[in-house]
Amino acid sequence: MPRKPAPRDVVTLDELMTAYEVADVLGLSAGTLANWRSLGLGPAYVKLGGRVRYRVSNVNDWVSSQENESAV
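Residue numbering for the sequence shown follows numbering that gives the first Met the number 0, beginning at 0 and increasing consecutively.
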């Protein structure tokens with residue numbers, strides 16, 4: 000009797016966005032994101048097959064990290 004394959008770990012992926020999609024959401028240009036990537040700034044990103052993608056959770060985390068309390 001053939002052996003049953005071992006269960007694989009389940010990989011959960013965040014939704015991935017292109018630089019153009021992130022730029023649109025943040026009100027920036029895709030060029031600004033490209034500049035930030037070269038300077039090590041902005042949200043974390045991944046490269047898949049040479050293409051830049053942003054995880055939604057990384058963009059949300061980065062936006063949250065940009066919050067400043069106003070001086071009163």
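Note that beta-carbon positions come from the ideal geometry of N, C-alpha and C, so glycine has one too.
Computed from a predicted structure; not experimentally measured.
Could you pull out every residue in the same chain whose Cβ sits closer than 8 Å to the Cβ of residue i, ignoring the five residues on either side in sequence?
i: Tyr-19; result: Ala-29
For residue i, which residues of its own chain have a beta-carbon under 7 Å away from its beta-carbon, when the five flanking residues on both sides are left out?
i: Asp-13; result: Arg-54, Val-55 and Ser-56
Where DSSP assigns a beta bridge to residue i, which residues make up the other side?
i: Arg-54; result: Leu-15
i: Val-45; result: Arg-52
On the three-state DSSP scale, how would you describe residue i?
i: Val-71; result: coil
i: Leu-38; result: helix
i: Leu-27; result: coil
i: Glu-66; result: coil
Using C-beta distances below 6 Å, list every residue in its chain close to residue i, excluding the 5 sequence neighbours before and after it, in chain order.
i: Tyr-44; result: Val-51 and Tyr-53
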